[in-house]
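> Below is the structure I would like to discuss, written out as structure tokens.
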Amino acid sequence: MEEKYSQQSKHDFRNAVVELSSHLQTTFSSRYKKFDEFFKELLENAEKSLNDMFLRTYGRLYMQNSELFKDLFIELKRYYVGGNVNLEEMLNDFWARLLERMFRLVNPQYQFTDEYLECVSKYTEQLKPFGDVPRKLKLQVTRAFVAARTFAQGLAVARDVVTKVSAVNPSPQGERALLKMMYCPHCRGLITVKPCYNYCFNVMRGCLANQGDLDTEWNNFIDSMLMVAERLEGPFNIESVMDPIDVKISDAIMNMQENSLQVSQKVFQGCGQPKTLSQGRASRSVSEGGFSARFRPYNPEERPTTAAGTSLDRLVSASWPVSLTQSQRGSLWTYCALSPSQPPLASLKGKEVRAQVD
Numbered sequence: 001m002e003e004k005y006s007q008q009s010k011h012d013f014r015n016a017v018v019e020l021s022s023h024l025q026t027t028f029s030s031r032y033k034k035f036d037e038f039f040k041e042l043l044e045n046a047e048k049s050l051n052d053m054f055l056r057t058y059g060r061l062y063m064q065n066s067e068l069f070k071d072l073f074i075e076l077k078r079y080y081v082g083g084n085v086n087l088e089e090m091l092n093d094f095w096a097r098l099l100e101r102m103f104r105l106v107n108p109q110y111q112f113t114d115e116y117l118e119c120v121s122k123y124t125e126q127l128k129p130f131g132d133v134p135r136k137l138k139l140q141v142t143r144a145f146v147a148a149r150t151f152a153q154g155l156a157v158a159r160d161v162v163t164k165v166s167a168v169n170p171s172p173q174g175e176r177a178l179l180k181m182m183y184c185p186h187c188r189g190l191i192t193v194k195p196c197y198n199y200c201f202n203v204m205r206g207c208l209a210n211q212g213d214l215d216t217e218w219n220n221f222i223d224s225m226l227m228v229a230e231r232l233e234g235p236f237n238i239e240s241v242m243d244p245i246d247v248k249i250s251d252a253i254m255n256m257q258e259n260s261l262q263v264s265q266k267v268f269q270g271c272g273q274p275k276t277l278s279q280g281r282a283s284r285s286v287s288e289g290g291f292s293a294r295f296r297p298y299n300p301e302e303r304p305t306t307a308a309g310t311s312l313d314r315l316v317s318a319s320w321p322v323s324l325t326q327s328q329r330g331s332l333w334t335y336c337a338l339s340p341s342q343p344p345l346a347s348l349k350g351k352e353v354r355a356q357v358d
């Protein structure tokens, strides 16, 4: 009989810990899913907006070079999901490749070899053919994506930690304490008598002593997540970066158009004078090349409709519950099974706490 009660007390204990930590686990799981959906759809909308705008403006010319922009978004998505992507190098490569394409199009009368275009790309930083857009966009994209990926990974880590730590077995000493607290009254015929809160609290605290050791690291983790959340709502807001990225890239292209003569002359000085195409080929190239259209102005009210159905600042606030910065912050792994509003194990036994058992 004693062994039966011992097994039952361990079962009740595990159920209590799981039940009282399940809300936190569910919260992190749902918030991670919502943030992840929001972010991925934000990228999809940004890519679609750029594709629609450039297709409308450049038509066939854009279609012939669309893989350059597709690669940009592929790499951004790969970084977000944890891929080994150096954002700065990837963006530098994007602008260098764009310069090669643009340089060929604004100089359709010349023939360029791959070696010559490689030389052209080396002048991206020096000549700044796209103005200050690449520098600003690299700074904005890098810090926003780092913050967004860190926040998403943090939500996933928090979910997994709560899941693993809630799967706890009491120590042998804890098993004896649980047995005494929960079932010794049965031997005296006092089946309806339940332990008082303080007694239950102390026993549960002893059973969760190892989990309590995580409190310091957990609080450090919370501090870090709060810092990331504040940045996501402020200067590192990924939404404010990705919404107008098509317009920012178009501004860079127009800057290249307006300064193409000066840029070309300096490139010719550094890389040499390219060969001129034959008159017939040059005429066809001129008729097929060139960028003449201008883009629509960016309207900040044109925000994408996302799976989350809300803006990033509201989503981040909802993703990081206030309770984590208050009552659960101080001693989470002791507190999680010791809710002040609900004595430990009481809900599983279905009785009110009545009296202390010696």
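Numbering (full-length UniProt numbering), first residue to last: 1 to 358.
Using N, Cα and C, we set each Cβ at its ideal position, and we do this for glycine too.
All of these numbers come straight from a predicted model, not from anything done at the bench.
1. Going along the chain, which residues of its own chain have a beta-carbon closer than 6 Å to the beta-carbon of CYS119, five neighbours each way excluded?
2. Quick one, are the C-beta atoms of PRO274 and GLN111 less than 8 Å apart?
3. Report yes if the C-beta distance between VAL157 and ALA177 is below 8 Å; otherwise report no.
4. Taking buried to mean at least 16 other C-beta atoms within 10 Å of its own C-beta, is GLY174 buried or exposed?
5. Which residue or residues does DSSP assign as beta-bridge partners of residue 377?
6. If you reduce the DSSP assignment to three classes, tell me which class VAL228 lands in.
7. If you count every other CB in all the chains shown that lies within 10 Å of the CB of GLU75, and 16 or more means buried, which is it?
8. Can you tell me whether LYS136 is helix, strand or coil according to DSSP?
9. Nearest-angstrom Cα distance between ASN51 and TYR62?
10. Who are the Cβ neighbours of LEU91 in its own chain at under 6 Å, not counting the five residues just before and after it?
11. On the CB-based measure, 16 or more other CB atoms within 10 Å of its CB, does VAL241 come out buried or exposed?
12. Using the rule of at least 16 other Cβ atoms within 10 Å of the residue's Cβ for burial, across every protein chain shown, is GLY59 buried or exposed?
13. Considering just the uninterrupted stretch of the alpha helix (DSSP H) at LYS248, what are its terminal residues?
14. Taking its Cβ as the centre, do 16 or more other Cβ atoms sit within 10 Å of SER21, making it buried, or is it exposed?
15. Give the DSSP-derived three-state secondary structure of GLY154 in the structure shown.
16. Can you round the beta-carbon distance between THR124 and GLN25 to whole angstroms, since I take them to be within the 8 Å contact cut?
17. Okay, do the stretch 77-85 and the stretch 98-115 touch, 3+ Cβ pairs below 8 Å being the bar?
18. Taking only three categories from DSSP, how would you classify TYR123?
19. With a threshold of 6 Å on Cβ separation, who are the neighbours of PHE236 within its own chain once the five nearest residues in sequence on each side are excluded?
20. Give a yes or no on whether 8 Å exceeds the smallest Cβ distance from ASN84 to chain B.
21. Please state whether DSSP places ASN202 in a helix, a strand or coil.
22. Quick check on this structure: which residue in GLY154, GLN211 and GLU47 has the alpha carbon closest to the alpha carbon of MET227?
23. Does the separation of the CB atoms of ALA46 and ASP243 fall below 8 Å?
24. Quick one: measure Cβ to Cβ for LEU68 and LEU117, integer angstroms, because I've assumed they're closer than 8 Å.
25. Could you check the C-alpha separation between PHE38 and GLN211 for me, to the nearest Å?
26. Can you look up SER21 in the DSSP assignment and give me helix, strand or coil?
Per the coordinate set shown:
1. The residues are CYS271.
2. It is a contact, given that the beta carbons lie within the stated cut-off.
3. Not a contact, by the Cβ cut-off of 8 Å.
4. GLY174 comes out buried.
5. Since the first and last residues shown for the chain are 1 and 358, residue 377 lies out of range.
6. The answer is helix: DSSP assigns VAL228 an H, G or I state.
7. Flag for GLU75 reads buried.
8. LYS136 falls in the helix class under three-state DSSP.
9. When the Cα atoms are used, ASN51 and TYR62 turn out to be separated by approximately 9 Å.
10. The beta carbon of LEU91 lies closer than 6 Å to those of LYS138 in the same chain, with the five residues before and after it left out.
11. Buried, by the Cβ-count rule.
12. With fewer than 16 other beta carbons inside 10 angstroms of its own, GLY59 counts as exposed.
13. Looking at the DSSP string, the run of the alpha helix (DSSP H) that includes LYS248 is 245-258.
14. By the neighbour-count criterion, in which a residue is buried when 16 or more other Cβ atoms sit within 10 angstroms of its Cβ, SER21 is buried.
15. Correct three-state label for GLY154: helix.
16. Contact between THR124 and GLN25 fails: their C-beta atoms lie close to 48 Å from each other, not under 8 Å.
17. The stretch 77-85 makes no contact with the stretch 98-115, as fewer than three CB pairs between them are under 8 Å.
18. Per DSSP, reduced to three states, the secondary structure at TYR123 is coil, with no helix or strand assignment.
19. Correct list, in chain order: ARG143, ALA144 and ALA147.
20. As a matter of chain content, chain B is missing from the structure shown, which is built from one protein chain.
21. The three-state secondary structure of ASN202, taken from DSSP, is helix.
22. Restricting attention to GLY154, GLN211 and GLU47, the CA atom closest to the CA of MET227 is found in GLY154.
23. By the CB criterion at 8 Å, ALA46 and ASP243 fall inside the cutoff.
24. Between LEU68 and LEU117, the beta carbon gap of about 13 Å keeps them out of contact (Cβ cut-off 8 Å).
25. A straight line joining the alpha-carbon of PHE38 with that of GLN211 spans about 33 Å.
26. SER21 falls in the helix class under three-state DSSP.
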